[in-house]
Amino acid sequence: MAYSLPPEDLIIFSTKDSSGKIYIREQSGFYQRIRRALSWLLMALFIGIPFIQYNGEQAFRINAGQQTIELFSIILFPQDFLIAALLFTLAAFVLFYVTRLYGRVWCGYTCPQTVWTLMFVWIERRIEGSHNQSRQLDNARFSLNKLAKKLAKHLSWLVVSVVTALVFMSYFIPQSELYSTFFALQAAWQVYAWVGFFALCTYFNAGLIREKMCLHMCPYSRFQSAMFNTATKLVSYNAGRGETRGPRKRGSDKPANLGDCVDCNLCVQVCPVGIDIRDGMQYECINCGLCIDACDQTMSQFGYAKGLINYAAEQSTGANLSGHLAYGVTILVTLVAILGWATARTNTELTVYRERNALYRVNTDGAIENTFTLNVINKTKTARQYQLQVEGMAYSQLNSDATLSLQAGEQRQFVVSINTMEKPATLFTPFKFVLLDIQNAERVTELSQFYSGTIVAR
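Just so you know, my numbering puts 391 at position 391 of the sequence shown, and the rest follows in order with no gaps.
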């Protein structure tokens, strides 16, 4: 049975036909300069962060084997990853708020998919020529010239992809070790496998899939419209001024029956997702502003006022104050939570476990003895020495070495015993283990209980 589409007035949502290749025309202009500057800045940060050194070591590194994150002088263990959740929450709400104000500007200016796609398009234009020349090359019959250009383009893409994958891997493997062993063919096979995997992902996403990632795979493009309102500034075409569209000669008076749109289609040719902004708001639009630059250039050539296509909202952004307050309060609460986490965090973590086999014992001297296992984590990049103390229990004695030593980032367990000749008045007596950092006098305490096994009658 043949499949047929329902009537157009019954279709509430449809995706763009992206089966063909979009040949993106290069465009210069105000918004393109902003995007280029942001792209250079983000790529410089992406490449440069692993090269930042602190005390002779990489300042930021994700140690997958140890499940830690090294950040300058501190080491974040899995139990510290609440800060990651808080930071992602903060970033999400900031992104949602920016989306509410300016639509999908993240997609258009700073999303890695857009940055790398436009980088690959720039390479394509340098090798194959303009977008029209690139289309003609694809449609041309096989020749040595076509083969040479295609090989040069795809090899260039692969080189950029491998470099991208290597930079990404340098966040997990120290860059001083990664690059030297990789190019000397001395790295582990797992390193080559992961570099190959991420390189292929970059190659396919930025070189072959391109806008299809934004149109069909990225979930953000699906739910971002729920954050829009009448005050959201979106790339919009001024139909009242532009219609009726039609061609005309430069330098001549504008025909009375035509609007300012000269129907040059440059706004479509420069669009990375291949839409016509003159058809109204579309979910595919990533608010990149390239169509604005193209239209402003055409308007200048014809002597018309710029802004036929521009960022515009139905009403002032000052309206709906409650929405601004809601996002502001949420962001502020998240910032307070981050500050609270940073204030409460210590450079040493102490966890106490009671011995399960024998809750207590009476030693040869007749003293009641309890045994505990202390799990101590040094969350810094320097070796530390600690003085172990017991507080809150009279006549107690620590039958273990009171000085504990840990190397940088080390996690160790110490078995300690506490005894008392004076029988406690209660079955369970609360007390505190105290770890005193000898170097900086930082105190870490952990509450526990001493089990006597007997109760002294009063």
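Where is the CB? At the ideal position from N, CA and C, for every residue including glycine. Predicted, not measured: the structure shown is a model, and the values here were computed from it.
Whether residue i touches residue j by CB criterion (8 angstroms)
| i | j | result |
| --- | --- | --- |
| G288 | C267 | Checking the displayed sequence, the identity of residue 288 turns out to be Cys instead of Gly. No; because the gap between Cβ atoms is not below 8 angstroms, this pair is not in contact. |
| L406 | V376 | yes |
| D260 | G242 | yes |
| K212 | G103 | no |
| F302 | R245 | no |
| L388 | F450 | no |
| G108 | I286 | yes |
| Y203 | L158 | yes |
| Q175 | Q66 | no |
| F60 | E70 | yes |
| N55 | K381 | yes |
| T230 | V262 | no |
| V444 | T343 | no |
| I123 | S161 | no |
| L335 | L90 | yes |
| I275 | E284 | yes |
| L42 | T110 | yes |
| T330 | F93 | yes |
| Q269 | R25 | yes |
| L447 | P424 | no |
| G409 | I83 | no |
| L185 | W341 | no |
| V195 | M169 | yes |
Among the options, nearest to residue i - alpha-carbon criterion
| i | options | result |
| --- | --- | --- |
| T351 | M227, Y179 and V416 | V416 |
| E391 | A383, R356 and L435 | L435 |
| S396 | G340, N370 and I75 | N370 |
| N440 | Q282, T346 and G240 | T346 |
| A312 | K146, S236 and L208 | S236 |
| F414 | V329, S400 and A206 | S400 |
| A152 | G129, T426, F51 and E314 | G129 |
| F198 | C295, Y179, I127 and T164 | T164 |
| G323 | W40, F96, F431 and Q27 | F96 |
| M281 | I309, N265, A193 and V195 | I309 |
| L166 | K150, A187 and A148 | A187 |
| A239 | S170, L87 and G307 | G307 |
| R64 | P50, Y171, D437 and L38 | The residue you asked about is not Arg; residue 64 is Ala in the sequence shown. Ranking the options by Cα distance to A64, first place goes to Y171. |
| Y327 | F428, G409 and V98 | V98 |
For residue i, the three-state DSSP class (helix, strand or coil)
| i | result |
| --- | --- |
| M1 | Low confidence applies to M1: its pLDDT is 49, below 50, so where it sits in the model is not reliable, and the reading given next is rough at best. DSSP places M1 in coil when its eight states are reduced to three. |
| Q439 | coil |
| P430 | strand |
| S252 | coil |
| A457 | Low confidence applies to A457: its pLDDT is 48, below 50, so where it sits in the model is not reliable enough to give any reading. |
| Y386 | strand |
| N378 | strand |
| R278 | helix |
| T364 | coil |
| Y451 | strand |
| V352 | strand |
| Y171 | coil |
| Q397 | strand |
| N370 | strand |
| A60 | Here residue 60 turns out to be Phe, not Ala, going by the sequence shown. Strand at F60. |
| S73 | coil |
| Y54 | strand |
| E128 | helix |
| Y237 | strand |
| S161 | helix |
| I480 | Here the chain covers residues 1 to 458 and nothing more, so residue 480 does not appear. |
| T346 | coil |
| T230 | coil |
| P7 | coil |
| L406 | strand |
| I286 | coil |
| S176 | helix |
| Q94 | A small correction: the amino acid at residue 94 is Val; Gln does not occupy that position in the sequence shown. Correct three-state label for V94: helix. |
| V268 | helix |
| S134 | helix |
| Q79 | helix |
Presumed contact (8 angstroms Cβ cut-off) between residue i and residue j, rounded CB distance
| i | j | result |
| --- | --- | --- |
| Q385 | T364 | Wrong, their Cβ atoms sit about 32 angstroms apart, outside the cutoff. |
| R100 | M227 | 5 angstroms |
| T426 | A367 | Not quite, the Cβ-Cβ distance comes to about 17 angstroms (not below 8 angstroms), so this is no contact. |
| L215 | V121 | Going by Cβ atoms, the distance from L215 to V121 rounds to 16 angstroms, so no, they are not a contact pair. |
| D293 | Q53 | Incorrect: roughly 40 angstroms between the Cβ atoms, too far for contact. |
| G29 | D296 | 6 angstroms |
| I206 | W116 | Note that residue 206 is Ala in the sequence shown, not Ile. Contact flag correct, Cβ pair sits at about 4 angstroms. |
| Y23 | H131 | 4 angstroms |
**Q.** Entirely enclosed alpha helix (DSSP H) segments - the region 295-337, minimum 4 residues
**A.** none
Any chance you could list the alpha helix (DSSP H) runs of at least 4 consecutive residues sitting entirely within the region 181-211, in chain order? 189-202
Worksheet entry | Residue ranges of each alpha helix (DSSP H) within the region 22-56, 4 or longer | 30-48
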